[in-house]
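Student:
In full-length UniProt numbering, the protein residues as written are 1 to 219.
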């Protein structure tokens with residue numbers, strides 16, 4: 001995998017793990033019911049190297065892309081006529097692009113948090129670090145905090161993550177507490193952040209306190 005792609009993945013991973021497991025940008029909003037999950041494939045992220053810029057008024061910009069999954073292909077950057085960012089592109093320039101996996105020839109600059117977050121979400125789901133239910137709770141649930149009252153390793157792991165069972169006392173934002181238990185994957189370097197006595201961000205639905213999702217900052 002190229003150094004450019006590794007650098008871009010590091011950026012995406014930092015965004016993802018800073019919320020751990022993702023999407024903290026929607027935290028703190030009033031709770032709402034979870035909508036049906038979309039069946040649309042989220043936009044993917046890749047590192048592109050500009051190969052050609054042809055034309056003056058409406059330039060054709062050809063980009064060679066390496067996706068986070070390791071696929072290589074060539075696409076054309078879709079852009080606005082007066083986009084100052086695009087006007088600065090030259091052959092050899094490296095850019096972060098987003099694309100629809102079903103139509104990879106049409107590229108966009110991945111300069112918005114939504115596209116990057118969607119790619120990070122999809123990557124963590126694919127790796128098994130997150131479940132769809134956990135992601136839904138983080139996106140649409142109520143953000144609170146909890147105190148870790150117990151932590152046990154299950155003995156399972158996935159790459160640099162260790163699976164642990166957490167006993168928690170969750171604080172309700174409106175007052176009161178409730179006990180909860182969660183089995184989750186934690187970066188090995190962040191295990192100290194879930195030791196008994198630690199305070200961690202927690203998401204849940206007020207109408208269903210039986211399911212929670214926890215979030216950790218990066219190690």
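Beta carbons are placed, not taken as given, at the ideal position from N, Cα and C, and that holds for glycine.
Bridge partners of residue 98, per DSSP?
Tutor: As a position in the chain shown, residue 98 is number 98, starting the count at 1. According to DSSP, residue 98 bridges with 45 and 108.
Student: Put residue 147 into one of helix, strand or coil per three-state DSSP.
Tutor: On the chain shown, residue 147 is found 147 positions in, with the first residue counted as 1. Three-state result, residue 147: strand.
Student: Where do the N-terminal and C-terminal ends of the alpha helix (DSSP H) with residue 139 fall, by residue?
Tutor: In the chain shown, the residue the question calls residue 139 occupies position 139. Where residue 139 is concerned, the enclosing alpha helix (DSSP H) starts and stops at 132 to 140.
Student: Going by DSSP, which residues form a beta bridge with residue 103?
Tutor: Translated into the one-based positions of the chain shown, residue 103 becomes position 103. Residue 103 pairs with 100.
Student: DSSP state of residue 191, grouped into three classes?
Tutor: Here residue 191 refers to the residue found at position 191 when the chain shown is read from its first residue. Correct three-state label for residue 191: helix.
Student: Residue 129 and residue 158 - do their beta-carbons sit closer together than 8 Å?
Tutor: Working through the chain shown from its first residue, we reach residue 158 at position 158. Working through the chain shown from its first residue, we reach residue 129 at position 129. In contact: residue 158 and residue 129 (Cβ atoms closer than 8 Å).
Student: How is the beta strand (DSSP E) around residue 55 delimited, first residue to last?
Tutor: Position 55 of the chain shown, counting from 1, holds the residue named residue 55. First-last for residue 55: undefined, no H or E at that position.
Student: Should the stretch 144 to 157 be regarded as contacting the stretch 172 to 185, the criterion being three or more beta carbon pairs within less than 8 Å?
Tutor: yes
Student: Would residue 94 and residue 154 be called neighbours here (beta carbons separated by less than 8 Å)?
Tutor: In the chain shown, counting from the first residue as 1, residue 94 sits at position 94. In the chain shown, counting from the first residue as 1, residue 154 sits at position 154. Contact: no.
Student: Answer yes or no: do residue 51 and residue 62 have a C-beta to C-beta separation smaller than 8 Å?
Tutor: The sequence position of residue 51 within the chain shown is 51, counting from 1. The sequence position of residue 62 within the chain shown is 62, counting from 1. Taking 8 Å as the Cβ cut-off, residue 51 and residue 62 qualify as a contacting pair.
Student: What residue range is occupied by the uninterrupted beta strand (DSSP E) comprising residue 78?
Tutor: On the chain shown, position 78 is the one that residue 78 refers to. According to the DSSP assignment, residue 78 belongs to no beta strand (DSSP E), since it is labelled neither H nor E.
Student: By DSSP, does residue 125 sit in helix, in strand, or in coil?
Tutor: Taking the chain shown and counting its residues from 1, one reaches residue 125 at position 125. The answer is helix: DSSP assigns residue 125 an H, G or I state.
Student: If you measure between the beta carbons of residue 98 and residue 139, is that distance less than 8 Å?
Tutor: On the chain shown, position 98 is the one that residue 98 refers to. On the chain shown, position 139 is the one that residue 139 refers to. Contact: no.
Student: Assuming contact is defined by CB atoms lying nearer than 8 Å, are residue 198 and residue 171 in contact in what I supplied?
Tutor: By 1-based counting over the chain shown, the position of residue 198 is 198. By 1-based counting over the chain shown, the position of residue 171 is 171. Not a contact, by the Cβ cut-off of 8 Å.
Student: Which residue from 216, 100 and 53 puts its Cα closest to that of residue 87?
Tutor: Walking along the chain shown from the start, residue 87 turns up at place 87. Minimum Cα distance to residue 87 is reached at 53.
Student: In the DSSP assignment, the beta strand (DSSP E) including residue 163 goes from what residue to what residue?
Tutor: The residue labelled residue 163 in the question sits at position 163 within the chain shown. Element bounds for residue 163: 161 to 171.
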